[in-house]
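In mature numbering (1 follows the signal peptide of the UniProt record, and there is no 0), the protein residues as written are -22 to -1, 1 to 686. Comments concern the structure below.
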């Protein structure tokens, strides 16, 4: 079964500007019935009314954008769409005929390649979040065989989806990174790679979006992109500068509870950096709301001064359970830290946030706690949430809590809501999800809507739960948001604490037969369950065959060995091994080659027994002085005693003559005081003790001055 990841997305686009007033000549004239401009029905409207209708259409514009084989989500922060002031409504009105649908540019769309690439990476993380969160939703109703089949199909589908989606993460752009050793952010160069042709895709997008096309299809190829250097991008340098300026802020908190010694805490650069994250564009640092929220929650809990006691809590289903409820003392308001630190960072100002305390009261009567009728109950066993306000049940919904199999179980306990957010991203190592409502109550754990889930309740949470948060239907999350506030109590109880990990199944070749000296080959063994954990490989006999870290086997010599492929425990899957048998056969040709090599070695050994010859050295005189008409013989000798031969070049002057026997003479009319040169190669033959020798020298002959 082939399946694509579909990220059905809506582009909420900002609208600015507008057209001018309609000309007086068409002030009272209206467009004919059933007349459309780029799909917007303006029939029966005058220019002013049509302009407003088109402006509203741009504001409400939504489209499904498909790039190659998958659909993407583009947020409004990645786009810049404005009403097109050049649209001539007067002309359209004059030429309008009933029933027409005129396709014109209604808006100015301006998204460049960089913005499109960023938007695509956003889409990837959202898709990955949905996959992680929805895996295993139907585990409860499947047989073991059904689970194995589903795992196998999911692996195939996931591979196809991620091959497509991960293409958008390949980037040659420079980026910012935090260096924990130097306690500072730094700029990093991009890497050369093949990326999607975002430039042509952005141009096509702008053209179609300008006409309010509701289904935009972008088909593009990959192009080779060089590594971009951070030094060439001022925005990256500016981003590093701004990021490090945040690290240099003087940020702290001050605790002064009554009856206790005041305590001030200043935060160092590493702590501040832990609240920050690099944006998807890679060139700026922003506040990580999740990280800051969790930090403030933990900090507040460390400084709470409360007394707790066992109290009876009556669940909605009628059970009486014992909870460790606060009955006295004070608690720190984590939201004050969160709001204060976030504001300080965003405004780039130093700040010391004073802790705000709330008095804890014993919300029980005769040992039974009811939180004065205002609380949220999370029934982990039945996967249900109940919200009470003024003793009235206002929310009653199925939910999905933290995944038990991968250790993400939602903890039991009594907590208080400390964030009350609307419209934000939740971020993590493998997720980047937009939620409409988020109310945190335990570190990064909170209530939020989960629009990508279609099923809630039951035992989904055992193998397909969240990372700890309470996933809710949108309507229920909205109702909860509207009926709680900072400080509302949350009681989490029950739930399964442990389940067996799912068993992985394997696919691939279990046995290979190869010959000695054959080429290396890659194993095709793979697990159909634990697709995210890396595989490791080990050979039982490296003399027979070795295996690399990425599963490439190199045959060595005849024999048999076993390659063990190991998938570590990961997420909801147990560790598992797969054994591959490698049979290496003796190669007859290799045997012949080995014999030839041995024969060559024997010949080399014979050569070793021969006496070594000495180096011969030729000595020769190169400067001579002769009177006109005089002759001489080249003075040359060799230490081996062998005879020498001469190869003569061309003399630089015609009056110089040199013979192959080594004789040298000059003409009688050679000009006194002049000189001539000639190149001569001298060779000596080898002897039983010396090697042959060759040398090339230049002889210079001077004509002697004649004294009268």
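C-beta: ideal position from N, C-alpha, C; glycine also.
- For the 7 Å CB-CB criterion, residue 470 and residue 388 form a contact.
- Linking residue 378 to residue 460 through their CA atoms gives a straight-line distance of about 20 Å.
- In this chain, the alpha helix (DSSP H) harbouring residue 438 covers 438 to 442.
- Per DSSP, the continuous alpha helix (DSSP H) segment holding residue 184 begins and ends at 176 to 188.
- DSSP places residue 278 inside the alpha helix (DSSP H), whose first and last residues are 267 to 280.
- Between residue 380 and residue 422, the C-beta spacing is not below 7 Å.
- Taking each of 605, 227, 277, 307 in turn and checking the Cα distance to residue 235, the smallest one comes out for 307.
- Put simply, the backbone Cα of residue 364 is about 7 Å away from that of residue 356.
- For residue 156, the uninterrupted beta strand (DSSP E) segment begins and ends at 153 to 157.
- Taking a cut-off of 8 Å on C-beta distances, the stretch 157 to 177 touches the stretch 192 to 207, as three or more cross pairs fall below it.
- Contact check for residue 9 against residue 74 passes: the beta carbons are separated by less than 7 Å.
- Secondary structure note for residue 323: its alpha helix (DSSP H) is the uninterrupted segment 312 to 325.
- Residue 533 and residue 558 do not touch by the CB rule: their CB atoms are close to 13 Å apart, not below 8 Å.
- Look at the beta carbons and you see the stretch 260 to 267 touching the stretch 211 to 231: at least three pairs across the two are nearer than 8 Å.
- Collapsing the DSSP output to three states places residue 523 in a strand.
- In this structure, DSSP gives residue 29 a helical state, which the three-state scheme calls helix.
- The stretch 434 to 450 and the stretch 294 to 314 do not touch, with fewer than three beta-carbon pairs separated by less than 8 Å.
- By the criterion of at least three beta-carbon pairs nearer than 8 Å, the stretch 616 to 634 is in contact with the stretch 661 to 671.
- Assignment of residue 349 by DSSP, reduced to helix, strand and coil, places it in the helix class.
- With contacts defined by Cβ atoms closer than 7 Å, residue 511 and residue 454 do not form a contacting pair.
- For residue 374, the number of other beta carbons within 10 angstroms of its own is below 16, and it is reported as exposed.
- Take residue 24, set aside five residues on each side of it, and the residues of its chain with a beta-carbon closer than 6 Å to its own are 8, in chain order.
- In this structure, the alpha-carbon of residue 394 lies about 38 Å from that of residue 38.
- Residues of the same chain with a CB within less than 7 Å of the CB of residue 564, apart from the 5 flanking positions on each side, are 494, 536 in chain order.
- Straight through space, the alpha carbons of residue 33 and residue 254 are spaced by roughly 37 Å.
- In the three-state DSSP reduction, residue 227 falls in the coil class, being neither helix nor strand.
- Across the structure, residue 177 and residue 398 are spaced so that their CA atoms are roughly 40 Å apart.
- The C-alpha of residue 578 is placed about 51 Å away from the C-alpha of residue 635.
- Of the other Cβ atoms in all chains shown, fewer than 16 fall within 10 Å of the Cβ of residue 628; this residue is therefore exposed.
- Distance from the CA of residue 391 to the CA of residue 359, rounded to the nearest whole angstrom, comes to 14 Å.
- Within a 10 Å sphere around the beta-carbon of residue 335 sit 16 or more other beta-carbons, which makes this residue buried.
- The straight-line gap separating the alpha-carbon atoms of residue 11 and residue 429 is approximately 39 Å.
- The beta carbon of residue 485 lies closer than 7 Å to those of 504, 506 in the same chain, with the five residues before and after it left out.
- In the DSSP secondary-structure assignment, residue 475 is not bridged to any residue.
- Here residue 326 really is in contact with residue 223; their C-beta atoms are around 6 Å apart, less than 8 Å.
- Sixteen is the threshold: when 16 or more other Cβ atoms of the shown chains lie within 10 Å of the Cβ of residue 272, as they do, the residue is buried.
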